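Student:
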Amino acid sequence: GAVVSQHPSRVICKSGTSVKIECRSLDFQATTMFWYRQFPKKSLMLMATSNEGSKATYEQGVEKDKFLINHASLTLSTLTVTSAHPEDSSFYICSARDRGHEKLFFGSGTQLSVL
Amino acid sequence: LAKTTQPISMDSYEGQEVNITCSHNNIATNDYITWYQQFPSQGPRFIIQGYKTKVTNEVASLFIPADRKSSTLSLPRVSLSDTAVYYCLVGDIPSGGYQKVTFGTGTKLQVIP
C-alpha cells in the first residue's frame, strides 16, 4: 500500500522551544492530510485538517497559533509545536488520503517529550 | 459524521477466530467502513475497507449487513502478534472531498497463549 513517512519518530526538547514534525506521502499525492494527537491508552484525537495550498482547518479547542500547520506541497505537511510546554508531550500522528487507493494511510507517529 | 461504538476490550486464545463488531447507526449513504490496527507507539495500519456485504483480503474479512448499521471484522486464527487496538472508522474517504475522519474508542484485543 501507499507509504506515509513521518519524522522524527521521537523528540525530546526543552520547555519554550519549538518542534517541527514532518509528514510526507512517498508514492502518492495528498491534497489533504490530517494531524492527530494521542495520549497513552487513549484513542486518536483529530487536531486539524491540512489542505495543500490553503490554511489548515483546526478542530475546536486546538490552538492554531500553538500548533502551526503548513502544507506547501502535495507530498509534505508539517506540524510545528511552538513554545512547547510539558503538557504538549504526546504522541502525534499524521495521515494522508490516497485518492488512487481510496484509503487513508498513517505515518508511524512522533513521540514528543517536553522537559 | 457517523459515530461508532465498539467493545472496549476482548480476549481470545491463540488459533481462534475473533469477531469484533462495530455499531454505526447513523451511517450515511456515501460512507465506507474501514478498520485499522494499531500497536503501541505506532501509527494505525489499514486492515480492510468495505461498503456492503462481505469483503475478504489476506488478513481479515469484513461483514456488513444490508442495513449497514453495523459491521464485523473477522480475524481468522489469531496469534499473539495480533494483540493490538482495532479501530472502526466510518466516513466518505474515497469520495475525494475534504471529509475528516474521527476515531472512536477502539477495541483492545488481547490474544492469550
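Those sequence lines, one after another, are chains A and B. Under the working numbering, the first residue of the first sequence is numbered 1, with each subsequent residue one higher. Under the working numbering, the first residue of the second sequence is numbered 1, with each subsequent residue one higher. Don't be surprised by glycine CBs; every beta carbon is placed ideally from N, CA and C. Every value quoted in this text rests on a predicted model; they were computed, and no experiment measured them.
Could you tell me the boundaries of the beta strand (DSSP E) in which Leu109/B lies?
Tutor: Numbered from its first residue, the second sequence carries residue 109/B at position 109. For Leu109/B, the enclosing beta strand (DSSP E) begins and ends at 107-112.
Student: Who are the Cβ neighbours of Ser77/A in its own chain at under 6 Å, not counting the five residues just before and after it?
Tutor: Counting from one through the first sequence, the residue named residue 77/A turns up at place 77. The answer, listed in chain order, is Cys23, Met33, Ser50, His71.
Student: Using a Cβ distance threshold of 8 Å, determine whether the region 92-111 of chain A contacts the region 35-54 of chain B, with at least three qualifying pairs required.
Tutor: Three or more Cβ pairs closer than 8 Å define a contact, and the region 92-111 of chain A meets that threshold against the region 35-54 of chain B.
Student: Are Ser18/A and Thr82/A close, meaning C-beta to C-beta below 7 Å?
Tutor: The residue labelled residue 18/A in the question sits at position 18 within the first sequence. The residue labelled residue 82/A in the question sits at position 82 within the first sequence. A contact, by the Cβ cut-off of 7 Å.
Student: Give the single residue among His7/A, Thr31/A, Thr110/A, Cys94/A whose Cα lies nearest to the Cα of Lys55/A.
Tutor: Working through the first sequence from its first residue, we reach residue 55/A at position 55. Considering only alpha carbons, the answer is Thr31/A.
Student: Please confirm if the region 74-82 of chain B is in contact with the region 12-21 of chain B, defined as three or more CB-CB distances below 8 Å between the two stretches.
Tutor: yes
Student: Using a Cβ cut-off of 9 Å, pull out every chain A residue sitting near Gly50/B, in sequence order please.
Tutor: Working through the second sequence from its first residue, we reach residue 50/B at position 50. What Gly50/B touches in chain A: nothing, since even the nearest Cβ is about 12 Å away.
Student: Which residues does DSSP pair with Thr49/A in a beta bridge?
Tutor: Here residue 49/A is taken as the residue at index 49 of the first sequence, counted from 1. The partner list for Thr49/A (beta bridge, DSSP) reads Phe34/A, Thr57/A.
Student: If you draw a straight line from the alpha carbon of Ser9/B to that of Ile21/A, how long is it in whole angstroms?
Tutor: In the second sequence, the residue the question calls residue 9/B occupies position 9. In the first sequence, the residue the question calls residue 21/A occupies position 21. Rounded to whole angstroms, Ser9/B to Ile21/A spans 32 Å at the Cα level.
Student: So which residues of chain A does Val101/B contact, with C-beta pairs closer than 9 Å?
Tutor: For the purposes of this step, residue 101/B is taken as residue 101 along the second sequence, with counting starting at 1. Simply Phe34, Leu46, Ser95, Arg97, Leu104.
Student: Looking only at its own chain, which residues have a Cβ that is under 6 Å from the Cβ of Lys108/B, when we skip the five neighbours before and after it?
Tutor: Counted from its first residue, the second sequence places residue 108/B at position 108. Same-chain partners within the cutoff: Ser9, Val85.
Student: Under 7 Å between the Cβ atoms of Leu116/B and Leu62/B?
Tutor: Beyond the ends of chain B as shown, which are 1 and 113, falls residue 116/B; an answer cannot be given.
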